[in-house]
Structure formats: C-alpha cells, structure tokens
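Undergrad: Here it is, the structure in full.
Numbering (UniProt numbering), first residue to last: 1 to 315.
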C-alpha cells in the first residue's frame with residue numbers, strides 16, 4: 001500500500017509539473033507582448049517614423065482626451081493604452097486619431113450584424129478546427145508580426161463562411177493592437193492561395209471584399225506594412241478583379257504578388273525568419289489558430305471594452 005501511495009503521488013507530481021512546464025513553453029511561444037516597454041531600436045523607429053517623443057506623447061494624450069469630451073456622440077476609454085493605440089498609427093496627431101476613432105465607430109455601426117458583442121467563443125470552432133488563419137510565432141527580420149491567411153484548398157467555405165473569416169481577422173487585430181512593438185513596427189499579411197478552387201473563389205464574396213478593404217483602409221488602428229499574395233493560381237484573377245477597384249493607391253503600393261517564386265517573397269521577408277512552407281529556414285508550420293485561441297481568449301476584458309466603444313447608443 002505504501003508503494004502504491006508513493007507511485008500515485010509521484011505520478012500526480014509528474015502531471016502537475018509536466019503540465020506547468022508545457023504551459024510555460026506554450027505561453028512563451030504563443031503570447032501577446034502587452035505592457036512591454038519598447039526596445040531602444042524600436043524607440044528610434046518610433047521617433048523617426050511616428051514623431052514619437054515624450055513631450056509630444058504627453059501633449060497628444062491631453063489633447064485627445066479634450067477632443068473625446070467635445071465629441072459627446074462618441075464613447076471610447078481614456079486610458080493611456082487605448083489612446084496610444086489610436087495615436088501611434090496617426091503619428092501622434094490628436095485630430096487624426098479622433099478622426100480614426102470616428103471611422104472605427106462608423107465601421108462598427110455599419111457592420112453591427114457581425115461585430116456587435118463579438119467574442120472569441122462565437123468563432124471557437126473556426127479557431128480550433130480549421131486552418132484558415134495563423135500568426136507566426138516569431139516576428140520577421142524587421143520585427144513585424146506576420147499573419148498568414150490560407151484561403152486555398154485548406155479552406156472550406158461551407159464550414160468557415162466569409163463572415164466567420166472576417167470575424168477571425170477582427171479578433172486577431174483586436175489582440176495585435178495591444179502590442180507596443182507591433183504598433184510601431186507594423187504588421188504583414190501573407191495570403192496563401194495554394195490549391196485554390198471554385199469553392200474558395202466563390203466564397204470570397206463581393207460583400208466580404210468590400211468589408212475587408214474598408215476595414216483595412218479606414219478602420220484598422222494598426223500599421224499594415226505589406227500584403228503578400230503567394231501560390232496564387234490562374235483562377236485567382238477572378239478574385240483580384242473584384243478586389244482591385246476597391247484598393248486605394250496607398251494600399252496598392254504595399255501589395256506584392258509572388259506566385260510560386262519564394263525568392264521574390266524573400267526580398268521583403270528574410271528566409272531566416274520564414275518557415276519552410278515559404279522557402280524559409282525555419283521549420284515547417286506545425287501550429288495554427290488553435291494554439292493562438294487561448295491568447296485571444298486571455299484578453300477578453302479588452303475585447304469586451306472594445307465592443308462597448310463607438311457611437312453612444314440612444315436611450
């Protein structure tokens with residue numbers, strides 16, 4: 001009996017310590033870098049590209065708070081973290097940040113059928129069981145977050161609709177905006193069209209195209225630095241004809257087409273920071289949205305707050 005007791009105790013300890021070890025390993029690979037001070041290199045980038053200095057930050061914060069009081073039809077929080085989310089992509093011009101807040105409110109109102117009260121649990125199955133969206137574990141060689149969207153053969157529009165796909169994008173952006181390094185260095189999107197067929201082509205509806213591009217160009221408080229289209233087949237031209245008229249000049253200059261030529265992609269993202277899936281030197285991707293879901297779920301208080309922001313609801 002004593003031996004059995006010892007065996008059970010040791011097994012229990014193994015389970016406990018094993019679980020804790022795995023959790024730490026997992027959390028270090030899949031985690032948000034929130035409330036982290038900018039590195040010295042990133043501070044220099046922020047000052048050069050975003051006009052970010054302590055004095056300008058203080059003045060912009062004070063002015064944006066004043067503007068929020070003046071714009072009584074809008075409701076947004078006034079904590080420094082939230083105000084920074086809007087001020088950084090606007091280069092610390094408070095009036096521009098205010099305009100961005102208003103565009104966010106308008107976008108939320110126009111897409112209330114999808115975004116009102118949106119929570120991760122509502123698209124949990126899409127996160128856990130389908131390999132449509134993914135975020136690279138590390139940053140690229142320029143310190144940017146990389147979102148990978150697989151809308152080729154691995155995407156089944158019957159199981160993950162275009163509306164659900166947009167909800168996934170939206171929730172991921174809500175989490176990414178909390179990272180100071182990402183606010184400064186920006187984000188990159190890789191659109192992977194490998195084995196794209198008619199079902200995927202038809203799944204990318206005109207309504208989805210318009211909503212996504214309006215969001216990216218008007219209502220996303222993140223610096224989208226580049227969009228890379230890879231492994232696109234001939235049928236992709238049908239999708240591109242739908243997207244192209246909606247794309248403004250600024251975004252056009254940030255979109256790149258590579259087909260199967262990964263060396264072309266490597267001109268923008270070093271192979272040392274890309275997985276083997278894209279001709280990189282890192283291991284092939286063996287993780288996905290399911291691994292990131294707990295990270296998104298961990299910022300529920302922020303998501304709940306974000307859901308409350310926008311135009312003041314009439315009594």
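Built from N, CA and C at the ideal position, the CB exists for glycine as well. What you are looking at is a predicted structure, and each value in this text was computed from that prediction instead of being measured.
Can you give me the C-alpha to C-alpha distance between residue 190 and residue 266, rounded to a whole angstrom?
TA: Approximately 12 angstroms between the Cα atoms of the pair.
Undergrad: Output needed for residue 185: all residues of its chain with C-beta closer than 7 angstroms, excluding positions within five of it in sequence on either side, in chain order.
TA: 42, 45, 142, 143, 144
Undergrad: Can you determine whether any heavy atom of the ligand COA sits closer than 7 angstroms to the C-beta of residue 236, and answer yes or no?
TA: By its list of ligands, the structure shown contains no ligand whatsoever, and the ligand COA lies outside what it can speak to.
Undergrad: For the alpha helix (DSSP H) containing residue 87, list its first residue and its last residue.
TA: 80-87 is the extent of the alpha helix (DSSP H) around residue 87.
Undergrad: Within its chain, find whatever has a CB closer than 7 angstroms to the CB of residue 311; leave out the 5 residues flanking it on each side and keep chain order.
TA: 73, 74, 105, 109
Undergrad: Less than 7 angstroms between C-beta atoms, sequence neighbours within five positions excluded: which residues of the same chain meet that for residue 50?
TA: 88, 91, 92, 184
Undergrad: Who are residue 310's beta bridge partners in DSSP?
TA: 75
Undergrad: Between residue 60 and residue 139, what straight-line distance do the alpha-carbon atoms span, to the nearest angstrom?
TA: 29 angstroms
Undergrad: With the cut-off set at 8 angstroms, would you say residue 180 and residue 296 are in Cβ contact?
TA: no
Undergrad: If we count the other Cβ atoms within 10 Å of its Cβ and call it buried at 16 or more, is residue 200 buried or exposed?
TA: buried
Undergrad: Going by DSSP, which residues form a beta bridge with residue 228?
TA: Beta-bridge pairing by DSSP links residue 228 to 190, 256.
Undergrad: Enumerate in chain order the residues of its own chain whose CB-to-CB distance from residue 152 is below 7 angstroms, with the five nearest sequence positions on each side excluded.
TA: 192, 193, 194, 195, 196, 200, 231
Undergrad: Buried or exposed: which applies to residue 300, given that a residue is buried once 16 or more other Cβ atoms fall within 10 Å of its Cβ?
TA: exposed
Undergrad: From the DSSP output, read off the bridge partner residues of residue 282.
TA: Partner(s): 275.
Undergrad: For residue 210, which residues in the same chain have their Cβ closer than 7 angstroms to its Cβ, ignoring the five residues on either side in sequence?
TA: 246
Undergrad: Please report how far the alpha carbon of residue 239 lies from the alpha carbon of residue 206, in whole angstroms.
TA: 9 angstroms
Undergrad: Name the two residues that bound the continuous beta strand (DSSP E) containing residue 145.
TA: Membership of residue 145 in the beta strand (DSSP E) is indicated by the continuous run 145-150.
Undergrad: Any idea if residue 126 is buried or exposed, counting beta-carbon neighbours within 10 angstroms, 16 or more meaning buried?
TA: Buried.
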